[in-house]
Every structure is written in structure tokens, then in C-alpha cells.
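In UniProt numbering, the protein residues as written are 1 to 113. Only one structure is covered here, and it is reproduced in the block below.
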């Protein structure tokens, strides 16, 4: 797991991965200022970041099965949109927290919580 820590500024972007680390449907677990996040790239090319712990019982989404732009929790099968965090199938009833992500100078950056 890659860890990024912010400096003194609030809500700043933190470099967490090289841009090429999320190609080909890859999902990567990172930590952004102590918060577990899963980073991926949508089929349309958008870099996306949502909370890595399922809202149902905390399962690690980065260890789940990806299908298109969705991921299923490996513990109980809840399915989420990888970019919006929307619940597409329960048992989870709450969406995943979404984090702003961008690419700058070949690095994927995620806005600190």
C-alpha cells in the first residue's frame, strides 16, 4: 500500500501513485493522510478515488472483483461505482466516500480528506 501525507496546508492534493500504476483495469490501495483509499481509472480514462473500506462492514474494496467501472466487496458482495461511490447492489446501504483525484506531471494525486 502506498502512503501519502499532507504537509501543513489543508485539503491539498497528495501524490500517491505513478500514472501508469492504474492502467488496464488495475485498482490500487493507497493511504491518503491516514485514510484508506482505492484508486482506479474508469473505462473512459478518468482517474477515480473512493474509500477502500466498504460501508457495510469494512471489507477492503481493492481486494474485490472489478467489472467495468464497478467493484464488488470481497466480504459480502456489495457493488459500488468506482468513480461516484454509489451503491449499485447491497447489502451496503451507504455510498462510498469519493475523493477528488487528478494527474499532474505523471503522478496521480488525491485531495487529502
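Even glycine gets a Cβ: it sits at the ideal position worked out from N, Cα and C. These numbers were taken from a predicted model, which means no experiment stands behind them.
Q: Give the DSSP bridge partners of residue 49, in chain order.
A: What you label residue 49 is simply residue 49 of the chain shown in a count that begins at 1. Paired residues: 39 and 99.
Q. If we count the other Cβ atoms within 10 Å of its Cβ and call it buried at 16 or more, is residue 64 buried or exposed?
A. Residue numbering aside, residue 64 sits at position 64 when the chain shown is read from its first letter. The residue in question, residue 64, is buried, as its Cβ has 16 or more Cβ neighbours within 10 Å.
Q | Contact belief for residue 16 with residue 109 at Cβ below 8 Å, rounded distance in angstroms | A | Sequence index remark: in the chain shown, residue 16 carries index 16 (1-based). Sequence index remark: in the chain shown, residue 109 carries index 109 (1-based). The Cβ separation is near 7 Å, so the contact holds.
Q.
Pull the bridge partners of residue 70 from the DSSP assignment, please.
A. Your numbering for residue 70 matches position 70 in the chain shown. DSSP output for residue 70 lists 67 and 81 as bridge partner(s).
(Q) Using DSSP's beta-bridge definition, name the partner residues of residue 15. (A) Mapped onto the chain shown, residue 15 falls at position 15. In the DSSP output, where bridge partners are listed per residue, residue 15 has 109.
Q) For residue 27, is the classification buried or exposed, using 16 other Cβ atoms within 10 angstroms of its Cβ as the cut-off for buried? A) Counting from 1 along the chain shown, the entry for residue 27 is found at position 27. Result: buried.
Q) Tell me the DSSP bridge mates of residue 22? A) On the chain shown, position 22 is the one that residue 22 refers to. When beta bridges are read from the DSSP output, residue 22 appears opposite no residue.
Q. Is residue 92 helix, strand or coil when you go by DSSP?
A. As a position in the chain shown, residue 92 is number 92, starting the count at 1. Reduced to three states, the DSSP call for residue 92 is coil.
Q. Could you give the distance in angstroms between the alpha-carbon of residue 33 and the alpha-carbon of residue 61?
A. Here residue 33 refers to the residue found at position 33 of the chain shown. Here residue 61 refers to the residue found at position 61 of the chain shown. C-alpha separation (whole angstroms): 18 Å.
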